[in-house]
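In what follows, a single structure is set out as structure tokens and then discussed.
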Amino acid sequence: MRIVVRLDVMLARRKMRSRELAEKVGITEQNISLLKSGKVKGIRFETLARICEVLDCQPGDLLEAVADGE
Numbered sequence: 061m062r063i064v065v066r067l068d069v070m071l072a073r074r075k076m077r078s079r080e081l082a083e084k085v086g087i088t089e090q091n092i093s094l095l096k097s098g099k100v101k102g103i104r105f106e107t108l109a110r111i112c113e114v115l116d117c118q119p120g121d122l123l124e125a126v127a128d129g130e
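61 is the number of the first residue of the sequence shown in our numbering; add one for each residue after it.
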């Protein structure tokens with residue numbers, strides 16, 4: 061099982077660009093890009109909480125557990 065980040069979906073729903081999210085969260089746009097692409101091994105709870113606060117969503121709206129092979 062793996063965790064898939066659905067940040068791009070939530071950004072589209074909120075009509076927000078990665079740059080704007082990065083500025084509001086206080087991380088680099090590159091880190092947002094890495095999160096969107098799934099190229100990170102983990103995320104700090106503090107960062108996840110801030111992203112959820114800015115996007116007005118829950119962690120489950122951004123993260124999804126997917127069985128291997130899907």
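Here a beta-carbon is modelled for each residue, glycine too, at the ideal position from N, C-alpha and C.
Where residue i falls: helix, strand or coil (DSSP)
| i | result |
| --- | --- |
| Val100 | coil |
| Arg66 | coil |
| Ala125 | strand |
| Ile87 | coil |
| Arg110 | helix |
| Arg79 | helix |
| Arg73 | helix |
Cβ neighbour criterion (16 or more within 10 Å) applied to residue i
| i | result |
| --- | --- |
| Ile63 | exposed |
| Val126 | exposed |
Original post:
Counting pairs of beta carbons, one from the stretch 78 to 93 and one from the stretch 103 to 118, are three or more of them closer than 8 Å?
Top reply: Contact holds: three or more Cβ-Cβ distances are below 8 Å.
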